[in-house]
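Participant: Okay, here's the structure, questions in a sec.
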Ligand code: SF4
Ligand code: SF4
Ligand code: SF4
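Residue numbers (UniProt numbering), protein chains in the order written: chain A, 1 to 390; chain B, 1 to 302.
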């Protein structure tokens, strides 16, 4: 790669950005109601269903999808495959944004947002949630520290503190890079431990003590597909060169990583005999089949074909399937799988919950767009005008 | 990004230290108090008068209920304990009939079971929930952040939440009248008011003996099961019944304490932080090797 990361030279205010802004405002209004009248006013949460999509999607899927950050950092900085550096900065940025919003989503979801700092002082070491919370807090910090050089490249001249920090980081960055990978492995797996404490309240399809390992391996597997998805989205919406020369080799590694996850997942299902409930036609078993069939097995087979790995469109589709599969997995574990023994109605997300989730996603896109416009994150070159039409 | 290698030796040192740390897979140990208080509920005695609900409401200073406590029509629908009622009585007809061919109801008091190894306590992120020596599973509102993991974890679906409070919502559940039973001779409100002695308060070990005595001395009247003796590793609240427990709202639960698996995983992975430290060391070593290689190759790398 001879390209250096540079700010994107495209107009910022596009119709897409305006849509994002509208969603952000809707979410903001919902949050005002939430903090005026309580969670009951905007969510369908109840004593039977204490966790809804803010935990199942915003937090659990968010954490998984930010895995592009540590998997690319591992590849290019730790294994030294600097060839892949072109995608580490965007992956770092989306991880930093992703985790920041995971932290925000938790803050909105917990009843006592003002007390969110308390686990730092009142620690319960048997709680998997404590472990997740500490790692995520630490990792958000590490991610933004890792991002300082990018900020300094552009603003170092104006903000002396940034330039100063950047100089210190020159020598200490390796610590943060490794720390980022370690923290990721810790909390990705602990996220999987969370529901293991409730085996009688979750569907046998997902209730396995292997869940931490499955969460960890699926985080490994989803990292590069996530990079493929976000790079393809960014380069096509900003009309940049497609970077297939980096993405195709990444997808070869994914065959191995996704394969390991698939083997563990199917092996676990078979060894526990849980597949017996697969054909009972329930929402749980259908959701499981979509998760594994469309989200794991199909894209894995697709990636086996070199033609898929080389085609921009087909690689994007395969990667999108993997990403959706892991998202659905997290949603399944935390929401679909959950059986409240005494509930009289099932849980469905309320409009308010959906608005906040959509608003959060929009804000992430908005900030991503804003930051790549101002800071040197993306390496891809602008396309020639003549190729715009192609 | 320039990376120096001086620190890697340090990292390797940490990795070495980590690998000598004591074994990771210690057997799980129950933290249950040895001789806690408990309550024995005898479902054959309960007459569904709702006096315990009323007493609970008074001693815990809960809000006025929508329906008066002497109105028994609420028994027509199944209820669950909630943020304003720490205990409720439900009525079941299991098909039993008396001498005059009338269906015999069974009344079931529901509240927190005060598990011996509670899932809620193990799960709580801040330790706001604790199992006390006297048996009570106690909630400290000052530590709670409202994450509701305790609710997701509780196998009995007990903790309730004040979803309509915007600022300081609380987790609410039966307190086992912690303040009262901490005093010499003190009893829970519900146990002390029951007019037919359906609720007996005492040491759990004695209650178990009492329960088994009653079953043994009248095997025709009781099913041979003390609910809570073994369920989820044992609970401080125990039940005996004349009808199959599954027919009157009780779940069939495993004898394993719920936190056993998760606590084993957590301590295997994180005791003394051995695994993160070891991983840090290994990654540091790998990074040291690769960056050295790059320094040599520099020039045709970029
Ligand atoms: S019944 Fe639920 S809330 Fe009560 S101690 Fe057991 S786990 Fe905790
Ligand atoms: S809601 Fe409160 S008591 Fe329950 S687990 Fe969270 S911090 Fe602990
Ligand atoms: S022990 Fe106390 S708090 Fe619990 S149900 Fe009885 S009266 Fe209510």
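Positions of the beta carbon are idealized from the N, C-alpha and C atoms, including for glycine.
Please read these numbers as outputs of a predicted model, since none were measured by experiment.
#1: From the beta carbon of residue 156 of chain A, is the nearest beta carbon of chain B less than 7 Å away?
#2: Between residue 262 of chain A and residue 314 of chain A, is the Cβ-Cβ spacing less than 7 Å?
#3: Give the straight-line distance between the Cα atoms of residue 84 of chain B and residue 56 of chain B, rounded to the nearest whole angstrom.
#4: Could you say which of B:172, B:78, B:293 and B:133 lies nearest to residue 150 of chain B if we only look at CA atoms?
#5: Comparing the C-beta of residue 127 of chain A with each C-beta of chain B, is any distance below 7 Å?
#6: Determine which residues of the stretch 184-196 of chain A have a Cβ less than 8 Å from any Cβ of chain B, and write them out in chain order.
#7: For the 8 Å Cβ check, are there 3 or more pairs between the stretch 73-84 of chain A and the stretch 315-332 of chain A?
#8: Would a check of beta-carbon distances place residue 1 of chain B closer than 7 Å to chain A?
#9: Using the DSSP secondary-structure output, state which residues sit across from residue 338 of chain A in a beta bridge.
#10: Using a cut-off of 7 Å between C-beta atoms, extract the partners of residue 201 of chain A located in chain B.
#11: Which partner residues of residue 88 of chain B appear in the DSSP bridge assignment?
#12: For residue 171 of chain B, list the residues DSSP reports as bridge partners.
#13: For ligand 3, is there any heavy atom lying closer than 6 Å to the beta carbon of residue 185 of chain B?
#14: Would residue 111 of chain B be called buried (16 or more neighbouring beta carbons within 10 Å of its own) or exposed?
#15: State the Cα-Cα distance for the pair residue 203 of chain B and residue 35 of chain B, rounded to the nearest angstrom.
#16: Which residue or residues does DSSP assign as beta-bridge partners of residue 82 of chain B?
#17: For the stretch 23-38 of chain A, enumerate the residues whose C-beta is nearer than 7 Å to any C-beta of chain B, in chain order.
#18: Please name the residue in A:250, A:38, A:130 and A:350 whose C-alpha comes closest to that of residue 112 of chain A.
#19: Beta strand (DSSP E) containing residue 138 of chain B: first to last residue?
#20: For the structure I just gave you, are there three or more beta carbon pairs, one from the stretch 186-197 of chain A and one from the stretch 262-279 of chain B, closer than 8 Å?
#21: Confirm the yes/no value for this check: CB of residue 54 of chain B, any heavy atom of ligand 3, distance under 6 Å.
#22: If you measure from each residue's Cβ to the nearest non-hydrogen atom of ligand 1, which ones come out under 6 Å, in chain order?
#23: Residues of chain A with CB closer than 7 Å to the CB of residue 175 of chain B, please, in chain order.
#24: Using a Cβ-Cβ cut-off of less than 8 Å, give me the residues of the stretch 130-149 of chain A that come near chain B, in sequence order.
#25: Whole-angstrom Cβ separation of residue 105 of chain A and residue 62 of chain A, contact assumed at under 8 Å?
#26: So is the beta-carbon of residue 65 of chain B under 6 Å away from any non-hydrogen atom of ligand 3?
#27: Are there any heavy atoms of ligand 3 lying less than 6 Å away from the beta-carbon of residue 249 of chain B, as far as the coordinates show?
#28: Of all the options B:260, B:283, B:106 and B:114, which has the alpha carbon lying nearest to the alpha carbon of residue 156 of chain B?
#29: With respect to the beta strand (DSSP E) encompassing residue 39 of chain B, which residues constitute its N-terminal and C-terminal limits?
#30: Can you tell me whether residue 230 of chain A is buried or exposed? The criterion is at least 16 other CB atoms within 10 Å of its CB, across all chains shown.
#31: Establish whether the CB of residue 120 of chain A and some CB of chain B are separated by less than 7 Å.
#32: By the criterion of Cβ-Cβ separation under 7 Å, what are the contact partners of residue 168 of chain B in chain A?
#33: 7 Å is my cut-off, CB to CB: does residue 258 of chain B come that close to chain A?
#34: Please state the DSSP three-state secondary structure of residue 235 of chain B.
#35: Keeping to the same chain, check which residues put their C-beta closer than 8 Å to that of residue 210 of chain A; ignore five residues upstream and five downstream.
#36: With residue 265 of chain B as the anchor, note down where its alpha helix (DSSP H) starts and where it stops.
Facilitator: Walking through what the data contain:
#1: No, no contact with chain B.
#2: Between residue 262 of chain A and residue 314 of chain A, the CB-CB gap reaches or exceeds 7 Å.
#3: Cα to Cα, the separation comes out at about 10 Å.
#4: B:172
#5: yes
#6: 185, 186, 189, 190, 193, 194, 195 and 196
#7: no
#8: With a pLDDT of 38 at residue 1 of chain B, under the threshold of 50, the modelled position of that residue is not reliable, and no figure is offered here.
#9: A:202
#10: Per Cβ cutoff of 7 Å: 155.
#11: B:110
#12: DSSP lists B:161 as partners of residue 171 of chain B.
#13: No, Cβ of residue 185 of chain B sits at least 6 Å from all heavy atoms of ligand 3.
#14: Counting Cβ neighbours within 10 Å, residue 111 of chain B comes out buried, since at least 16 surround it.
#15: 7 Å
#16: In the DSSP assignment, the residues bridged to residue 82 of chain B are B:85.
#17: 35, 36, 37 and 38
#18: A:38
#19: 137-139
#20: yes
#21: no
#22: For ligand 1, the selected residues are B:112, B:113, B:114, B:115, B:118, B:119, B:120, B:137, B:154, B:156, B:158, B:159 and B:173.
#23: In chain order: nothing, as chain A lies at least about 17 Å away.
#24: 130, 131, 133 and 149
#25: Indeed, because the Cβ distance is near 7 Å, the residues count as touching under 8 Å.
#26: Not one heavy atom of ligand 3 lies closer than 6 Å to the C-beta of residue 65 of chain B.
#27: no
#28: B:114
#29: For residue 39 of chain B, the enclosing beta strand (DSSP E) begins and ends at 37-42.
#30: buried
#31: no
#32: 112
#33: Judged by the 7 Å Cβ criterion, residue 258 of chain B is in contact with chain A.
#34: strand
#35: Around residue 210 of chain A, the same chain offers 264 and 268 as residues with beta carbons nearer than 8 Å, after the five sequence neighbours per side are excluded.
#36: 259-270
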